[in-house]
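Beneath this line is the structure, given in structure tokens, with notes to follow.
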Amino acid sequence: MVQKLRSPAVFFVGGSLLIFALIQFLIETGKLNPYWQTILFWGAAMTMVSLGLNLIYGFNGQFCLSQYGFYAIGAYTSADITWRWVRGDPSGLVVVIGGAILALLLMWGVASFLKRFYGVSVLTEFVFHSLATAIGFTIALKVFRPYLGPYVYSLIQSLPEQSWPCF
Amino acid sequence: MEERGRVVLLKRYNGAILNRIATVIVAILGFFVLAFFVRKAMADPGVFIQQILNGIQLGFLYALIALGYTMVYGIIKLINFAHGDVFMVGAMTSFFAISTMELHRWPFQLWPGINSTLGTLLGTVAVIALSMAICSLLGVTMERFAYRPLRAMPRIAALITAIGVSFFLEYFGALPFVYTNNYITYPRPFELTVLRAKDIPPWFLGLIGGIFVVSITTYSALNGLSNRGNSKAALWRNHPLIQFFLYLGGLLTIVLGMVVVLPTLGIIKWDLTVSNVMLVIMSVSVLLVVALQYIVTRTKIGKAMRASAYDKPTSRLMGINVDNVIAVTFAIAGALAGAGGVLYATAFKQVHHLMGILPGLKAFIAAVLGGIGSIPGALVGSLIMGMAEVLSAGFISTPMRDAVAFALLIIILLIRPQGIFGEAPAEKV
Chain A
7 MVQKLRSPAV FFVGGSLLIF ALIQFLIETG KLNPYWQTIL FWGAAMTMVS LGLNLIYGFN
67 GQFCLSQYGF YAIGAYTSAD ITWRWVRGDP SGLVVVIGGA ILALLLMWGV ASFLKRFYGV
127 SVLTEFVFHS LATAIGFTIA LKVFRPYLGP YVYSLIQSLP EQSWPCF
Chain B
16 MEERGRVVLL KRYNGAILNR IATVIVAILG FFVLAFFVRK AMADPGVFIQ QILNGIQLGF
76 LYALIALGYT MVYGIIKLIN FAHGDVFMVG AMTSFFAIST MELHRWPFQL WPGINSTLGT
136 LLGTVAVIAL SMAICSLLGV TMERFAYRPL RAMPRIAALI TAIGVSFFLE YFGALPFVYT
196 NNYITYPRPF ELTVLRAKDI PPWFLGLIGG IFVVSITTYS ALNGLSNRGN SKAALWRNHP
256 LIQFFLYLGG LLTIVLGMVV VLPTLGIIKW DLTVSNVMLV IMSVSVLLVV ALQYIVTRTK
316 IGKAMRASAY DKPTSRLMGI NVDNVIAVTF AIAGALAGAG GVLYATAFKQ VHHLMGILPG
376 LKAFIAAVLG GIGSIPGALV GSLIMGMAEV LSAGFISTPM RDAVAFALLI IILLIRPQGI
436 FGEAPAEKV
């Protein structure tokens with residue numbers, strides 16, 4: 007048990023929580039001005055991007071130049087969802103989240119199906135996975151958006167506003 | 016798969032049927048794209064052919080950059096991401112040579128009575144040569160100080176360094192005392208003239224057509240002789256001079272024939288235009304590609320380059336100074352990018368310190384498309400890339416042009432991962 011507590015992962019998570027608490031404390035007490043907050047924000051955002059890259063290159067051995075593309079897609083997606091949401095339109099949220107979940111499920115199904123075959127070319131994998139993604143997002147756009155959208159919007163709007171001590 | 020304590024092997028089926036289904040889906044999509052372009056071409060053949068001509072121009076510009084990528088990759092297996100910025104330095108050098116030194120006017124200052132066409136030609140050649148020389152020097156410097164110390168390191172180190180050099184060149188150029196970060200209007204070394212049927216003298220057309228006919232006749236005769244076992248004829252058949260006149264004559268005959276001859280004869284009624292800039296781009300690109308082919312296939316340094324690309328340790332044992340060969344490769348690649356930069360700026364009339372990023376990336380992709388490491392592959396890949404970009408900008412969507420061109424690349428690479436002219440890696444068992 008003691009050895010488990012001494013493992014690097016525990017130190018890492020504990021350290022991260024400590025740093026997080028410290029930074030929150032500094033922000034709340036006004037010790038950390040917006041200049042340093044911006045720098046910390048960029049540092050944290052870039053850490054996430056580089057962790058992703060580390061996973062792709064370090065573990066998979068693939069040099070991925072499209073990481074900054076994913077970064078941009080994330081930024082634009084959040085902006086699009088928010089922009090629509092404040093105008094009373096939940097379609098951004100419903101289509102992106104519903105489409106992503108559905109597409110992931112379909113791609114998982116495709117991958118499981120293709121696993122049962124040998125000699126499948128890269129082109130085939132690409133075509134079937136692309137089809138799964140296209141079908142997932144089309145269903146989200148044509149079915150989820152008109153039928154689920156209003157319910158999701160009213161459900162989230164009906165939630166009581168919660169104020170957190172730190173934010 | 017484990018079931019009640021015993022391992023059950025998952026039964027797997029042959030995936031050939033799935034491969035066929037995927038091929039059919041891609042073929043259907045390709046057919047729709049083709050049908051779309053055929054419909055556009057039928058609706059307005061003039062605009063379609065004009066876009067093809069513009070695509071050829073852009074493709075040749077990409078080719079000059081792509082050749083540098085492919086040569087450097089061929090010899091040290093490094094994707095030199097700073098190559099696009101060498102192209103930018105070429106354009107900027109020519110800008111300063113023209114605007115501050117008036118280098119393009121030197122024949123008129125030296126010989127005031129010189130024929131204006133000859134003077135402009137010599138001036139333009141001087142501007143291109145200066146840019147090529149500066150970019151060669153930059154290429155060699157880059158190799159010496161950034162890449163050579165990392166040659167024994169893991170490949171990722173050199174790759175990241177290349178990206179670093181690229182950023183350094185871009186943002187060093189943005190400094191106020193270097194190139195500034197403004198979009199600068201580029202003063203062309205010669206005036207742009209839109210050529211129509213009446214502007215082109217018949218003797219010029221006759222000369223171009225004659226060169227093409229003589230070249231193709233000579234090529235066919237030598238080909239026939241070499242097929243009968245004449246080794247000298249086989250050697251002469253691939254002579255750079257014959258290749259140069261064959262390619263250039265062929266290209267110019269097709270372009271000028273479409274623009275000038277056919278409408279003049281009343282066979283077609285398209286209002287096609289071709290500018291002198293396009294003709295210069297085509298001529299310089301073909302000249303440089305043939306010169307490069309000559310250097311690589313017929314000179315001692317070219318032989319050393321091929322040997323070093325094939326096997327560096329053995330080349331060293333054979334007495335080849337591999338470091339020098341790599342430096343020469345960078346110099347040639349830089350010179351080609353420099354020439355490309357001048358021609359690009361001449362065509363689009365604007366220079367900027369970030370102008371190398373996108374053409375550099377597209378040329379890299381063109382090199383991969385053609386099969387990285389292959390010189391004809393770089394040329395063909397660039398022409399496909401230029402054509403795809405211009406046709407999608409013209410008929411699908413201007414903002415989507417890069418996305419369409421890159422999607423084309425993905426599809427071609429999925430079908431042929433080694434590129435069009437690339438060789439599949441040998442399977443080592």
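Protein sequences appear in the order of chains A and B.
Everything in the first sequence is counted per this note's numbering, starting at 7 for the first residue and increasing by one.
Everything in the second sequence is counted per this note's numbering, starting at 16 for the first residue and increasing by one.
C-beta: ideal position from N, C-alpha, C; glycine also.
Treat the numbers as computed from the prediction; the structure is a model and nothing was measured.
With respect to B/LEU237, B/TRP251 sits close: the two C-beta atoms are nearer than 8 Å.
Only buried fits B/GLU158, as 16 or more other CB atoms lie within 10 angstroms of its CB. When only Cα atoms are considered, B/LEU376 and A/GLN30 end up about 42 Å apart.
Taking 8 Å as the threshold, the shortest C-beta distance from A/TYR159 to chain B does not fall below it.
In this structure, DSSP gives B/SER290 an extended state, which the three-state scheme calls strand.
For B/GLN65, the three-state secondary structure derived from DSSP is helix. Listed in chain order, the non-local C-beta contacts of B/ALA172 below 6 Å within the same chain comprise LEU165, local neighbours out to five positions each way being set aside. The DSSP-derived three-state label of B/PHE111 is helix. DSSP lists B/VAL366 as the beta-bridge partner residues of B/ILE199. A distance below 8 Å separates the beta carbons of B/TYR201 and B/PHE110.
Burial state of B/ARG313 is exposed, judged by a 10 Å Cβ sphere holding fewer than 16 other Cβ atoms.
DSSP assignment within the segment 98 to 171 of chain B yields the following whole alpha helix (DSSP H) runs of 4 residues or more, N-terminal first: 98 to 114, 121 to 125 and 131 to 157. As computed with DSSP, B/VAL209 is found in a beta bridge with B/SER290. Of the other Cβ atoms in all chains shown, fewer than 16 fall within 10 Å of the Cβ of B/ARG27; this residue is therefore exposed. Taking all protein chains in view, the Cβ of B/SER230 is crowded by 16 or more other Cβ atoms within 10 Å, so the residue is classified as buried. A/CYS70 has its alpha-carbon roughly 30 Å from the corresponding atom of A/TRP42. When secondary structure is reduced to three states using DSSP, A/ASN66 falls in the helix class. From the beta-carbon of B/TYR28, the residues of chain A found nearer than 8 Å are ARG122, PHE123 and TYR124. Unbroken alpha helix (DSSP H) stretches of 4 residues or longer found wholly inside the segment 377 to 405 of chain B: none.
In the structure shown, B/TYR194 falls within a coil segment according to DSSP collapsed to helix, strand and coil. Residue-level contact check: A/SER127 touches chain B, since one or more beta carbons of chain B fall below 8 Å from its beta carbon. Distance from the Cα of B/LEU429 is smallest, within the candidate group B/VAL193, B/ILE269 and B/ALA37, for B/ALA37. Taking every protein chain shown into account, the CB of B/TYR162 has 16 or more other CB atoms within 10 angstroms, so this residue is buried. Nearest CB-CB separation between B/VAL295 and chain A: not below the 8 Å threshold. With a threshold of 8 Å between beta carbons, A/VAL116 makes no contact with chain B. In chain order, GLY401, MET402 and VAL405 place their CB closer than 6 Å to the CB of B/GLY70, counting only its own chain and leaving out the 5 sequence neighbours on each side. When the Cα atoms are used, B/VAL295 and B/LEU277 turn out to be separated by approximately 22 Å. Secondary structure note for B/VAL229: its alpha helix (DSSP H) is the uninterrupted segment 217 to 242.
Using a Cβ-Cβ cut-off of 8 Å, A/PHE65 is close to nothing in chain B; its nearest Cβ partner there is about 14 Å away. Cβ neighbours of B/ARG416 within its own chain (closer than 6 Å, five residues either side excluded): GLU404, SER407 and ALA408. By the beta-carbon neighbour count (other beta carbons within 10 angstroms, threshold 16), A/MET52 is exposed. When secondary structure is reduced to three states using DSSP, B/ASN29 falls in the strand class. Membership of B/LEU256 in the alpha helix (DSSP H) is indicated by the continuous run 255 to 271. CA-to-CA, the gap between B/ALA382 and B/VAL343 works out to about 20 Å.
Nearest C-alpha to A/SER56 among A/LEU38, A/ALA109, A/THR88 and A/PHE76: A/PHE76. Restricting attention to alpha helix (DSSP H) runs no shorter than 4 residues, the segment 82 to 162 of chain A encloses them at 105 to 120 and 128 to 145, ordered along the chain.
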